[in-house]
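*Asks:* Protein sequence lines correspond, in order, to chains A and B. Heads up: the first sequence at position 34 corresponds to 34 in full-length UniProt numbering, and the numbers run straight through without jumps. Heads up: the second sequence at position 238 corresponds to 238 in full-length UniProt numbering, and the numbers run straight through without jumps. The beta carbon of each residue, even a glycine, is placed where N, CA and C say it ideally should be. Only a predicted model underlies this, so the values are computations on that prediction, with no experimental measurement involved.
There are 2 protein chains.
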Amino acid sequence: MDRKVATIQDVARAAGVSTATVSRTLSKPAVVARTTRDAVLEAVAQTGYRVNATASNLRRQRTGSVIVLLPNLANSFFAQILSGLASVLTPAGYGMLIADTQSGPDPDQRLAHYLSSGQADGIVVLDGALSPAALSVPGRPPVVCACEWMGDAVPSVRVENERGAALAVGHLARLGHRHIGHVTGPGDNVLTQTRLHGFRAALDRLGLPMRADWVLEGDFTMDSGAAAARAWLAMQDRPTGLFLSSDEMAVGFMGEVQRAGLQVPLDVSIVGFDNIEIAQHLSPGLTTIRQPRTDIGARAAELLLGMIETGANDVPSEIIEVEFIPRSSAGAPPKVR
Amino acid sequence: MDRKVATIQDVARAAGVSTATVSRTLSKPAVVARTTRDAVLEAVAQTGYRVNATASNLRRQRTGSVIVLLPNLANSFFAQILSGLASVLTPAGYGMLIADTQSGPDPDQRLAHYLSSGQADGIVVLDGALSPAALSVPGRPPVVCACEWMGDAVPSVRVENERGAALAVGHLARLGHRHIGHVTGPGDNVLTQTRLHGFRAALDRLGLPMRADWVLEGDFTMDSGAAAARAWLAMQDRPTGLFLSSDEMAVGFMGEVQRAGLQVPLDVSIVGFDNIEIAQHLSPGLTTIRQPRTDIGARAAELLLGMIETGANDVPSEIIEVEFIPRSSAGAPPKVR
DNA sequence: ATGAAAGCGCTAACAA
DNA sequence: TTGTTAGCGCTTTCAT
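1. Can you give the beta carbon distance from B:Gly297 to B:Leu82, rounded, assuming they're within the 8 Å contact cut?
2. Cα separation between A:Ala134 and A:Glu148?
3. In whole angstroms, what is the alpha-carbon distance linking A:Thr54 and B:Arg34?
4. Taking only the alpha-carbon atoms, compute the straight-line gap between B:Ala43 and A:Ser131 and give it to the nearest angstrom.
5. With distances taken between CB atoms, is the gap from B:Gly84 to B:Arg293 smaller than 8 Å?
6. Quick check: what's the CA-CA separation for B:Phe243 versus B:His197?
7. Could you please give the first and the last residue of the uninterrupted alpha helix (DSSP H) stretch that includes B:Glu42?
8. Taking its Cβ as the centre, do 16 or more other Cβ atoms sit within 10 Å of A:Pro107, making it buried, or is it exposed?
9. Would you mind sorting residue 345 of chain A into buried or exposed? The rule is 16 or more other CB atoms within 10 Å of its CB.
10. Tell me, please, which residues DSSP counts as bridged to A:Leu269.
11. Can you find a C-beta in chain B that's less than 8 Å from the C-beta of A:Leu135?
12. Which whole-angstrom value describes the C-beta separation of A:Leu304 and A:Pro142, a residue pair presumed to lie in contact below a C-beta threshold of 8 Å?
13. Are the C-beta atoms of B:Arg337 and some chain A residue less than 8 Å apart?
14. Once you ignore the five residues that flank A:His177 on each side, which residues in its own chain have a CB closer than 6 Å to its CB?
15. Give the DSSP-derived three-state secondary structure of B:Met96 in the structure shown.
16. State the CB to CB distance for the pair B:Leu286 and B:Ala227, rounded to an integer number of angstroms; the pair is presumed to be in contact (CB under 8 Å).
17. Report the partner residues of A:Thr287 according to the DSSP bridge assignment.
18. Quick check on the DSSP output: the alpha helix (DSSP H) that includes B:Ile320 runs from which residue to which?
19. Along chain B, which residues have their Cβ under 7 Å away from the Cβ of A:Val251?
20. With DSSP as the reference, label A:His179 as helix, strand or coil.
21. Run down chain A in chain order and give the residues with a C-beta less than 9 Å from the C-beta of B:Ser103.
22. Where does the unbroken beta strand (DSSP E) through B:Ser65 begin, and where does it stop?
23. Against chain A, which members of the UniProt domain "HTH lacI-type" (6 to 60) of chain B pass a CB distance test of less than 8 Å?
24. Terminal residues of the continuous beta strand (DSSP E) containing A:Val157?
25. Can you find a C-beta in chain A that's less than 8 Å from the C-beta of B:Asn275?
26. Could you check whether the Cβ of A:Asn75 sits closer than 8 Å to any Cβ belonging to chain B?
27. Going by DSSP in three states, B:Thr90 sits in which element: helix, strand or coil?
28. Contact check, B:Gly187 vs B:Glu217 under 8 Å by CB: the rounded distance?
29. Using C-beta distances below 8 Å, list every residue in its chain close to B:Glu162, excluding the 5 sequence neighbours before and after it, in chain order.
30. So B:Gly100 and A:Thr90 are in contact, right, with Cβ under 8 Å, and what is the actual spacing, rounded?
31. Applying the 10 Å Cβ sphere with the 16-neighbour rule, what's the burial state of A:Arg337?
32. Could you tell me the alpha carbon to alpha carbon distance between A:Pro138 and A:Ala300, rounded to whole angstroms?
33. Quick check on A:Asp2: buried or exposed, where buried means 16 or more other Cβ atoms within 10 Å of its Cβ?
34. Put B:Val17 into one of helix, strand or coil per three-state DSSP.
35. In chain order, which beta strand (DSSP E) runs of at least 3 residues are fully inside the region 114 to 157 of chain B?
36. What residues in its chain sit with their C-beta under 8 Å from that of A:Gly331, if we drop five residues either side in the sequence?
Here is the structure:
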């Protein structure tokens, strides 16, 4: 019962036709005669034949898979984008190869490696810290990035980061906050820069002070949010409201503040960014800016598939809308200062 | 500058040797003469040659990739296991193909599909709800499951689930709880069953009552944890301590209880399972059972690689230890009942 | 130590 | 509508 896997030859023999006909039956059924088709299908069923993807790919000069480059697989943020990517790649017959840029030595080199390895028909870049310079590889496959990136070297799916920051600041201001701080992501990340820019611009527009010592650097993790909270607690003159560049940091910040015996939003108002699943399950619920990560992944995949199929290399980039999600972690500022 | 990608032929020509020699130089350098080797390497560098993995795989009758089947990519639980898998698969030269069992119609059918598709040299199953019966496919590749599974149809990497449950219950009992409840995962999941069994056994051992109405069914998600909390709040006669089968549920439970105005652990003690990142950032910190998910992934990958390389099909399964992580979400039971 | 040659399993011209 | 045929790029006997 453990006999060799059937090849197209076996099917052809069983159906009494040529291998070409078998191949056609399977790829463009419309072009073969009804009777032949039935015979072939029957033979396929009998032999348990499955096309050998490797052989097919070799012949068709493609690989049937897409590489996804991301900085940190363990981060749930990327998991959701992956989910979106998979939802369009899988039905389209593409495999999704995951590569962690942080696991090797030089991330940029990894990118270069994959670009020239010919191992994929396309690449999705999710690492905002990679250098666009690494892209200049001769016969490289199409690349889409699902993250902010310097310049327009590559079509991308981005999010309204500046507007998100503005929504966050606007909400705090509307609640009466006039001392608003910010916790950023890592300095070299483009998301960090865009949101910080949005934050500054919003304060400016509202005529609120932008104090350098109220801008703390984090790295998007919960730990860095907790660290920011400790820094905030140690301040003489604290901002009453904070916009944090990621929900994870907001979670870390809020937990630390609460463990220090203060209350949110009584003592400090918090607005995050992402709307991760836990945001609504915290107490108080985390006010945040939603970015639809599954959609981001799905759109990126669609863009890439389009590029792969048409060969076009300059698809227009896309901007995905963000949405303000009011919950309870932001309220009026404390009366006494 | 955009000329075709170099093939092994081009290299052979440039180095003045046969393609066989080029191939040998690249795979078993020891077997070619020093001078030839240098010439070949030089030619490789000049042409920018990279072996075509598809052709190589076709010839060698392998695929160079491993399929990972999981129920839900968006769940951070799996993301960490993936991270562990990638950390050994990538260096070993295997690609990691991700497949979401939930996205299609019948998950079991998906498994069967991949088993017979010949698209991978091995498969890692992370979905505890798949039926082992689906495994009986003639020439299927090696399979490892990194999750509890019925029987020993397949080598697996598991976690001391029963002991974890016992640790949780033991901790609550030691704190003085005599009314202990449990929130399970989905009924058809093997993790659910094992932990529930461990829960029951522990109560038994301690001579504590096991009340059926104190066992609530969840599905591992935060939402289901919140739902369990509402059910708990509505009870006449509530357990004072709860063991929840996942941290995500514990998070949902705790948030809901807090939003209802009760305090943890003053009004109810909570112990989770997993030690997800957020556990330490909550307020109070979540007491839980740690399972090292990255290790689980890494060990599963090692097991699978061993099977692929040796052809062995009955590697011994492995059990990964769990660890009790005390934090503040469990305390003494309320005085008044 | 090296080369010649035979495919791996499939698809796509081109013919018929 | 179907069959014949020529590879896709590589690895691996088998000779030399």
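*Replies:* Looking at the atomic coordinates:
1. For the purposes of this step, residue 297 of chain B is taken as residue 297 along the second sequence, with counting starting at 1. For the purposes of this step, residue 82 of chain B is taken as residue 82 along the second sequence, with counting starting at 1. So it is a contact: roughly 6 Å between Cβ atoms.
2. Taking the first residue of the first sequence as 1, we reach residue 134 of chain A at position 134. Taking the first residue of the first sequence as 1, we reach residue 148 of chain A at position 148. Taking the straight line from one Cα to the other gives about 16 Å.
3. As a working note, residue 54 of chain A is residue 54 in the first sequence. As a working note, residue 34 of chain B is residue 34 in the second sequence. Spanning the two alpha carbons is a distance of roughly 34 Å.
4. The sequence position of residue 43 of chain B within the second sequence is 43, counting from 1. The sequence position of residue 131 of chain A within the first sequence is 131, counting from 1. In a straight line, the C-alpha of B:Ala43 is about 29 Å away from that of A:Ser131.
5. In the second sequence, counting from the first residue as 1, residue 84 of chain B sits at position 84. In the second sequence, counting from the first residue as 1, residue 293 of chain B sits at position 293. Contact: yes.
6. As a first step, residue 243 of chain B is located in the second sequence; it is residue number 243 there, counting from the start. As a first step, residue 197 of chain B is located in the second sequence; it is residue number 197 there, counting from the start. Distance between the alpha carbons of B:Phe243 and B:His197 is about 13 Å.
7. On the second sequence, residue 42 of chain B is found 42 positions in, with the first residue counted as 1. Arg34 to Thr47 is the span of the alpha helix (DSSP H), which, as asked, contains B:Glu42.
8. For the purposes of this step, residue 107 of chain A is taken as residue 107 along the first sequence, with counting starting at 1. So A:Pro107 ends up on the buried side.
9. Beyond the ends of chain A as shown, which are 1 and 337, falls residue 345 of chain A; an answer cannot be given.
10. What you label residue 269 of chain A is simply residue 269 of the first sequence in a count that begins at 1. Position check: residue 269 of chain A holds Ser in this sequence, whereas Leu was assumed. A:Gly241, per the DSSP bridge assignment.
11. As a position in the first sequence, residue 135 of chain A is number 135, starting the count at 1. Cβ-Cβ to chain B under 8 Å: no for A:Leu135.
12. Here the question's residue 304 of chain A lines up with position 304 in the first sequence. Here the question's residue 142 of chain A lines up with position 142 in the first sequence. Confirmed, Cβ separation roughly 6 Å.
13. Residue numbering aside, residue 337 of chain B sits at position 337 when the second sequence is read from its first letter. Any reading at B:Arg337 needs caution, since the residue's pLDDT is 48, under 50, leaving its predicted position unreliable; the model's value is listed next. No, B:Arg337 lies away from the interface with chain A (no Cβ there is under 8 Å from its Cβ).
14. In the first sequence, residue 177 of chain A corresponds to position 177, counting from 1. These residues qualify, in order along the chain: Thr240, Gly241 and Pro333.
15. Within the second sequence, residue 96 of chain B is the residue found at index 96, counting from 1. Residue state, collapsed to three classes: strand.
16. Your numbering for residue 286 of chain B matches position 286 in the second sequence. Your numbering for residue 227 of chain B matches position 227 in the second sequence. B:Leu286 to B:Ala227, Cβ: 18 Å. No contact.
17. Here residue 287 of chain A refers to the residue found at position 287 when the first sequence is read from its first residue. Paired residues: A:Val271.
18. As a first step, residue 320 of chain B is located in the second sequence; it is residue number 320 there, counting from the start. Note, B:Ile320: premise wrong, no alpha helix (DSSP H); beta strand (DSSP E) at Glu318 to Ile320.
19. Counting from 1 along the first sequence, the entry for residue 251 of chain A is found at position 251. Here the neighbours are Ile278 and His281.
20. Taking the first residue of the first sequence as position 1, residue 179 of chain A is located at position 179. Three-state DSSP puts A:His179 in coil, outside helix and strand.
21. In the second sequence, the residue the question calls residue 103 of chain B occupies position 103. By Cβ distance, chain A contributes Ser83, Ala86, Ser87, Thr90 and Pro91.
22. As a first step, residue 65 of chain B is located in the second sequence; it is residue number 65 there, counting from the start. Unbroken beta strand (DSSP E) run through B:Ser65: Ser65 to Leu70.
23. Gly48, Arg50, Asn52, Ala53, Thr54, Ala55, Asn57 and Leu58
24. Residue mapping note: residue 157 of chain A aligns to position 157 of the first sequence, counting from 1. Its beta strand (DSSP E) spans residues Val157 to Val159.
25. Numbered from 1 along the second sequence, position 275 holds the residue referred to as residue 275 of chain B. Answer no: the Cβ-Cβ gap between B:Asn275 and chain A never drops below 8 Å.
26. Within the first sequence, numbered from 1, the residue matching residue 75 of chain A stands at position 75. Closer than 8 Å to some Cβ of chain B, the Cβ of A:Asn75 qualifies, so yes.
27. The residue you call residue 90 of chain B lines up with position 90 of the second sequence. In this structure, B:Thr90 counts as coil in the three-state DSSP scheme.
28. In the second sequence, the residue the question calls residue 187 of chain B occupies position 187. In the second sequence, the residue the question calls residue 217 of chain B occupies position 217. Right, the Cβ-Cβ distance comes to about 6 Å (below 8 Å), so this counts as a contact.
29. What you label residue 162 of chain B is simply residue 162 of the second sequence in a count that begins at 1. Correct list, in chain order: Thr194, Arg195, His197, Gly198 and Ala201.
30. Your numbering for residue 100 of chain B matches position 100 in the second sequence. Your numbering for residue 90 of chain A matches position 90 in the first sequence. For the sequence presented, residue 100 of chain B should be read as Asp rather than Gly. Right, their Cβ atoms sit about 7 Å apart.
31. Stepping through the first sequence from its first residue, residue 337 of chain A is reached at position 337. Legend: pLDDT at A:Arg337 = 48, less than 50; position of this residue unreliable, value from coordinates given subsequently. The residue is exposed, with fewer than 16 neighbouring Cβ atoms inside 10 Å.
32. Numbered from its first residue, the first sequence carries residue 138 of chain A at position 138. Numbered from its first residue, the first sequence carries residue 300 of chain A at position 300. Near 23 Å, if we compare the C-alpha coordinates of A:Ala300 and A:Pro138.
33. Here residue 2 of chain A refers to the residue found at position 2 when the first sequence is read from its first residue. Note on A:Asp2: pLDDT 43, under 50, position unreliable in the model; the coordinate value appears next. Burial call: exposed.
34. Taking the second sequence and counting its residues from 1, one reaches residue 17 of chain B at position 17. Three-state DSSP puts B:Val17 in coil, outside helix and strand.
35. 122 to 125 and 143 to 145
36. Indexing the first sequence from 1 puts residue 331 of chain A at position 331. Within the same chain, A:Gly331 has close Cβ partners Leu175, Pro265, Leu266 and Ser269.
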